[in-house]
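Report on the structure given below.
If you want it as structure tokens, here you go:
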């Protein structure tokens, strides 16, 4: 069989397998093929991690009421643990247990709910009237200062809601009164976790308003492995209400914050382990829960990354986009004829730009390359070997990124802090190659290749930014096989590139 026949056979096979798996997922398992058919739902996954000490293990994690009441929660990804859910008057707890274990352990529980439908922090009636709150025991002048704070706040408050807002606005204020600062300093010196929240809860108790700690999760896909957000739940005489003490005037509405645990008590208890903690990963899912269950139960490996825990799936959000960027690089280099500094540099630059405003990202990259190139020319005068020279470039690029990040922060440009998204090793090699081209072929060719790399990166950025493309890459990764088939076909193309047709136009006229 000739090389061309082998290539065509491989291309046909890749298209058949990729297209067939995508068709099976869409037609048989019900995964929407078009983004417009999606069902936007938030997935909030709790990951309990701890170090087992060789004894029997039992872990208890408080759950949101929505998880069990509406059947929107499920244990997922915890290997060889027995699992059950306890219900105590509407307050649910996930319980994992196992025999003796050692080393690091990970347990997972996830909750799904429609975007904007619920926050978990809606006012909730009490089963019974809570007992009078315990009055904090503050010695001498501290007690007098706390009582003065509460009295003054009650005088300008009409109800527990306005009292909460008044107290926490003062606690968070940089211009708080001397009394607030004295009491706040006491809680900070006491070594209390979340001293402002503890102070607020005890001041509310001193005012006769029962209050307790609650926990929430920020509904943002940008933060993977985020710690729980401490909240406060207080009783207004009829309902228990939840508010964020860092923004006391705002009521949680389910668009930015989801309340995971309320009702007091601990969020996590682990016996048989140490250094336990719970972190949350948030993702926006676009397929129904029944469909996701069908995917996990399917006999073929069509579920791919959708079968992984959400914290592991988050890693693939951008990894699946790298082949898309590579395809654009191949297309523009082999068909159009645009020169670039390598293959991966434009792809990784485009990947970094996805997390940055495009114009600001290009400006930061240009400044970084210009400064780095100047330092690279200084190094060339020392006649260093290649590896030490590149290592020196890495150090210089690192220092430049730190300097630009600090300067941008001092100037009030928060976007500059994200300069760390640029891959420093790739930038170091870019500086090395650009300086060599500058010395061997002249500055014109060096600038043309850098400009071509940036142009290709911007094209790849716009391609990878398309929402429908991202949807296919994440939910139908088997379509990457069709992309691979296209790359193989382009790899056999040896005809004129589009730029060469313009370049050799004078020959055709002759």
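Residue numbers (this note's numbering): 118 to 627. Beta carbons: idealized from backbone N, C-alpha and C, even for Gly.
- Looking at the DSSP output, residue 562 shares a beta bridge with no other residue.
- Annotation: the continuous alpha helix (DSSP H) that includes residue 585 extends over 584-592.
- Looking at the DSSP output, residue 204 sits in a beta bridge with 209.
- The alpha-carbon separation between residue 130 and residue 597 amounts to approximately 13 Å.
- Cβ-Cβ separation between residue 353 and residue 158: approximately 31 Å, too far for a contact (criterion under 8 Å).
- Between residue 212 and residue 204, the CB-CB gap reaches or exceeds 8 Å.
- Judged by DSSP secondary structure, residue 160 falls within the beta strand (DSSP E) whose first and last residues are 158-180.
- Here residue 249 carries a coil assignment [DSSP, helix/strand/coil].
- Distance from the CA of residue 360 to the CA of residue 338, rounded to the nearest whole angstrom, comes to 22 Å.
- With distances taken between CA atoms, residue 588 lies nearest to 150 out of 563, 365, 355, 150.
- Between residue 306 and residue 507, the alpha-carbon positions lie close to 48 Å from each other.
- When only Cα atoms are considered, residue 434 and residue 425 end up about 13 Å apart.
- CA-to-CA, the gap between residue 216 and residue 197 works out to about 10 Å.
- In the three-state scheme derived from DSSP, where H, G and I count as helix and E and B as strand, residue 522 is classed as helix.
- Taking C-alpha positions only, residue 455 is separated from residue 573 by approximately 8 Å.
- Collapsing the DSSP output to three states places residue 492 in a helix.
- In the pairwise beta carbon analysis, the segment 360-374 is classified as touching the segment 272-292: at least three pairs are separated by under 8 Å.
- In the structure shown, residue 145 adopts coil according to DSSP, grouped into three states.
- As a beta-bridge residue in DSSP terms, residue 330 pairs with 349.
- In the three-state reduction of the DSSP assignment, residue 242 falls in the strand class, which pools E and B.
- Distance from the CA of residue 442 to the CA of residue 457, rounded to the nearest whole angstrom, comes to 13 Å.
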